[in-house]
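All remarks here apply to the structure that follows.
In our numbering, the protein residues as written are -19 to 51.
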């Protein structure tokens, strides 16, 4: 199973392929991956509950496009 986070730009511009947006998306991804949740008397980290391929958490490779997005 996969979870999804849907984001929109704060300024309402539908073009999300902008450097400033990409920086914020990277920040959001980092926040999500460093999150800890307490549920039913137990703590869970992203690593505990992420979607996995073999033993590794699935990576959001689209975020690697930041190297081609210009300011």
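Cβ atoms here follow ideal geometry from the backbone N, Cα and C, with glycine treated the same way.
Per the C-alpha coordinates, the member of -8, 30, 1, -17 positioned closest to residue 43 is 1. Rounded to the nearest whole angstrom, the C-alpha separation of residue 49 and residue 6 is 13 Å.
Nearest C-alpha to residue -15 among -4, 12, -2, 3: 12. Contact between residue 14 and residue 26 holds: CB atoms are separated by about 7 Å, below the 8 Å threshold. When only Cα atoms are considered, residue 41 and residue 21 end up about 33 Å apart.
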